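Undergrad: First the structure, then my questions, so here it is.
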Amino acid sequence: MPFSTQDPNVRQDWLTIGSARALAGHAPERPWRTQLLGNTVRAWRDSNGEAIAKTDGRQLPLLERYGYLWVWTGDGPQHPLFALPEFDEHGRRIVDCGGIGVATSGLRVIENFLDMGHFPYVHTGTLGKLPHTEVAPYRVEIDPQTDEIWALDCHFFQPRASASAADGIDAQYRYRVMQPFTAALYKSCPNRADAQDVIGLFVQPLDDEHVIAHVLLVYFEDRLSDAEMIAFQHMIFGQDKPILESHRPRRLPLQGPLESHMRCDFASTTYRRWMRARGMTFGVHTD
Ligand SMILES: [Fe+2]
Numbered sequence: 491m492p493f494s495t496q497d498p499n500v501r502q503d504w505l506t507i508g509s510a511r512a513l514a515g516h517a518p519e520r521p522w523r524t525q526l527l528g529n530t531v532r533a534w535r536d537s538n539g540e541a542i543a544k545t546d547g548r549q550l551p552l553l554e555r556y557g558y559l560w561v562w563t564g565d566g567p568q569h570p571l572f573a574l575p576e577f578d579e580h581g582r583r584i585v586d587c588g589g590i591g592v593a594t595s596g597l598r599v600i601e602n603f604l605d606m607g608h609f610p611y612v613h614t615g616t617l618g619k620l621p622h623t624e625v626a627p628y629r630v631e632i633d634p635q636t637d638e639i640w641a642l643d644c645h646f647f648q649p650r651a652s653a654s655a656a657d658g659i660d661a662q663y664r665y666r667v668m669q670p671f672t673a674a675l676y677k678s679c680p681n682r683a684d685a686q687d688v689i690g691l692f693v694q695p696l697d698d699e700h701v702i703a704h705v706l707l708v709y710f711e712d713r714l715s716d717a718e719m720i721a722f723q724h725m726i727f728g729q730d731k732p733i734l735e736s737h738r739p740r741r742l743p744l745q746g747p748l749e750s751h752m753r754c755d756f757a758s759t760t761y762r763r764w765m766r767a768r769g770m771t772f773g774v775h776t777d
């Protein structure tokens, strides 16, 4: 089956097909199967330990980076994958939280990730708490070198910002959108005042309206077990999932006015404008 879209925003870019751990025990005769852009991808490790991914009998260019598998489905020249230097920083814990299936467009998943306004209502008692509903002013920039979106100087009162947080803090945030389906959050590290923990959100688009959202933690954290860190992220994502899946249409509309007078929406309106300027069609609602 061919891929379901020609949109260069996804066909001419690296897309994750999941954690590299998924390939354990798989060989050419027993491939691991997953889905990407409406097509089945088979993957395994060859006798040299190299990860191989194929679709329709064609081998896809593949990178193994940040503990994840990234494939290039198009024919165009490949550019480098986004940089995440914290991944290689000494002393960081790398915790792969695995993937969660969500029945909506990946664009909605990323947009929700950028939205601090929902914390007190959806993540009550952890990432937010009533009546602390105000989103303080923050800046949004597009890096001219990388074309990545950055939301800077964000902060929000959080009663329990992470699994290891004992008290409420005014959590400092930076958000980053590296690709239409890939984002990262840099937030106050409870254990080190001079550093920020990083949460990577790598969205695997199964098709226009279904994704697997993979979460990777790049933390300075030495008290909690992997299981405790993963459980906290799953609890948070479990609160977002039913809300994300209730939105109609599932695909994200990019038409209509993209300006908002709500300052809490600056990041999401920038994200929508950024995609419209790229001519994004995959996962996008059109009338
Ligand atoms: Fe959320």
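In the working numbering, the protein residues as written are 491 to 777. In this text, a Cβ means the ideal position worked out from N, Cα and C, and glycines have one as well. Here the structure is a predicted model, which is why all the values come from computation and not from measurement.
Mind the definition here: the region 705-723 touches the region 579-588 only if three or more C-beta pairs lie below 8 Å; say whether that holds.
TA: yes
Undergrad: Taking only runs of the beta strand (DSSP E) that begin and end inside the region 578-632, which ones reach a length of at least 3 residues, in chain order?
TA: 583-592 and 629-632
Undergrad: Between the C-alpha atoms of residue 639 and residue 574, what's the straight-line distance to the nearest angstrom?
TA: 14 Å
Undergrad: Tell me which residue opens and which closes the beta strand (DSSP E) that residue 734 is part of.
TA: Element bounds for residue 734: not the beta strand (DSSP E) but the alpha helix (DSSP H), 716-736.
Undergrad: Could you check whether residue 695 and residue 596 sit closer than 8 Å to each other, using their CB atoms as the reference points?
TA: yes
Undergrad: At 4 residues or longer, and completely inside the region 641-729: list those alpha helix (DSSP H) runs for me, N to C.
TA: none
Undergrad: Spatial neighbours of residue 643 within its chain, please: CB distance less than 7 Å, with the 5 preceding and 5 following residues excluded, ordered by chain position.
TA: 628 and 629
Undergrad: Going by the C-beta, is residue 612 closer than 7 Å to any heavy atom of ligand 1?
TA: yes
Undergrad: Between the region 550-559 and the region 658-667, do three or more beta carbon pairs fall short of 8 Å?
TA: no
Undergrad: Quick check on the DSSP output: what are the complete alpha helix (DSSP H) runs of length 4 or more inside the region 507-554, in order along the chain?
TA: none
Undergrad: The alpha helix (DSSP H) that contains residue 761, what's its start and end?
TA: 756-768
Undergrad: Are the CB atoms of residue 593 and residue 700 nearer to each other than 8 Å?
TA: yes
Undergrad: Tell me the DSSP secondary structure of residue 743 in three-state form.
TA: Here residue 743 sits in strand by DSSP.
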